[in-house]
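Numbering (our numbering), first residue to last: 1 to 273.
Every residue, glycine too, gets a C-beta built ideally from N, C-alpha and C.
A short worksheet on the structure shown next.
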């Protein structure tokens, strides 16, 4: 079928575009060459079936079509969850916002990370009392940790250092959430200990004890990544997580959606969400 050949060509072209645009040649981008190969094989198989219908059992093409349709259905359902499964909530005046890291290049932060940090700056302008938890370790191909790169960018753009907590141990979204939760708990303990250094003495009976106000925690990441980050947070100790999304790179948007679908299925399978 000519449609399969066209899809294969488009996959190869898109692969070249994203590699040239962002240098993702060693990452998940290879999936587009895989898609192209699958389309070519299906195209050849279809041509063979048309020419030799009498010799090829019907169950074989039916099985192949069923597998493809099932894959497309799963992808569609996951993407619907990604972009409509997170209900809009009031995210103002959060106590902490976890900013998830992204790739840091030799010549600076990636476009995805810049969009997240610009969104964080905008959020702080409207909510100056919020503390940002910058989460991300240093990958083997990164000059510094993602958290440190984020800090440098934010401080350069006017954010106060005392509003930033660095979490530099995480290499995945699960670790981002888990280690950031620990960092928030440690910050809460430091603040509690500091407040107890000079306690206010009051006469018994002149005050009423009230329970501590629960802290409000949010996670800030790219739009395609919010659903998975939120679900992982609920699984790993932050059940009432707020989500803040920023736009993703339009050139890489389709690639990110495909990659995110695979990541969601994997995390669901291994129990991370």
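Return the CA-CA distance between residue i and residue j, expressed in angstroms with no decimal places.
{"i": "residue 190", "j": "residue 106", "result": "35 angstroms"}
{"i": "residue 176", "j": "residue 170", "result": "5 angstroms"}
{"i": "residue 95", "j": "residue 243", "result": "13 angstroms"}
{"i": "residue 113", "j": "residue 104", "result": "8 angstroms"}
{"i": "residue 20", "j": "residue 56", "result": "42 angstroms"}
{"i": "residue 60", "j": "residue 4", "result": "18 angstroms"}
{"i": "residue 69", "j": "residue 100", "result": "34 angstroms"}
{"i": "residue 16", "j": "residue 266", "result": "26 angstroms"}
{"i": "residue 218", "j": "residue 271", "result": "22 angstroms"}
{"i": "residue 153", "j": "residue 117", "result": "8 angstroms"}
{"i": "residue 241", "j": "residue 172", "result": "18 angstroms"}
{"i": "residue 239", "j": "residue 187", "result": "19 angstroms"}
{"i": "residue 90", "j": "residue 236", "result": "22 angstroms"}
{"i": "residue 180", "j": "residue 253", "result": "27 angstroms"}
{"i": "residue 155", "j": "residue 125", "result": "14 angstroms"}
{"i": "residue 6", "j": "residue 43", "result": "10 angstroms"}
{"i": "residue 151", "j": "residue 12", "result": "37 angstroms"}
{"i": "residue 64", "j": "residue 18", "result": "29 angstroms"}
{"i": "residue 53", "j": "residue 264", "result": "39 angstroms"}
{"i": "residue 195", "j": "residue 84", "result": "42 angstroms"}
{"i": "residue 163", "j": "residue 245", "result": "20 angstroms"}
{"i": "residue 66", "j": "residue 233", "result": "35 angstroms"}
{"i": "residue 2", "j": "residue 141", "result": "40 angstroms"}
Could you check where the beta strand (DSSP E) with residue i kicks off and where it finishes?
{"i": "residue 112", "result": "Looking at the DSSP string, residue 112 is not in any beta strand (DSSP E); the run it does join, the alpha helix (DSSP H), is 111-126."}
{"i": "residue 133", "result": "131-135"}
Can you list, in chain order, the residues of its chain with a C-beta nearer than 8 angstroms to that of residue i? Leave out the 5 residues immediately preceding and following it.
{"i": "residue 93", "result": "127, 129, 130, 216"}
{"i": "residue 79", "result": "257, 261"}
{"i": "residue 247", "result": "115, 222, 223"}
{"i": "residue 161", "result": "151, 155"}
{"i": "residue 45", "result": "61, 64"}
{"i": "residue 174", "result": "232, 236, 267, 272"}
Let me know the secondary structure DSSP gives residue i once reduced to three states.
{"i": "residue 186", "result": "helix"}
{"i": "residue 96", "result": "strand"}
{"i": "residue 252", "result": "coil"}
{"i": "residue 195", "result": "helix"}
{"i": "residue 267", "result": "helix"}
{"i": "residue 173", "result": "helix"}
{"i": "residue 150", "result": "helix"}
{"i": "residue 145", "result": "coil"}
{"i": "residue 258", "result": "helix"}
{"i": "residue 89", "result": "coil"}
{"i": "residue 159", "result": "coil"}
{"i": "residue 54", "result": "helix"}
Could you name the residues of the same chain whose beta carbon sits closer than 6 angstroms to that of residue i, not counting the 5 residues immediately before and after it, in chain order?
{"i": "residue 8", "result": "36, 39, 40"}
{"i": "residue 139", "result": "none"}
{"i": "residue 231", "result": "273"}
{"i": "residue 137", "result": "145, 168, 169, 170, 171"}
Spatial neighbours of residue i within its chain, please: C-beta separation below 7 angstroms, excluding the five flanking residues on both sides.
{"i": "residue 31", "result": "258"}
{"i": "residue 82", "result": "224, 227, 260"}
{"i": "residue 147", "result": "101, 134, 135, 136, 166, 167, 168"}
{"i": "residue 75", "result": "261"}
{"i": "residue 29", "result": "15, 18, 19, 255"}
Between which two residues does the alpha helix (DSSP H) carrying residue i extend?
{"i": "residue 43", "result": "31-51"}
{"i": "residue 22", "result": "2-22"}
{"i": "residue 73", "result": "59-84"}
{"i": "residue 227", "result": "226-235"}
Give me the DSSP bridge partner(s) of residue i.
{"i": "residue 221", "result": "245"}
{"i": "residue 104", "result": "109"}
{"i": "residue 167", "result": "135"}
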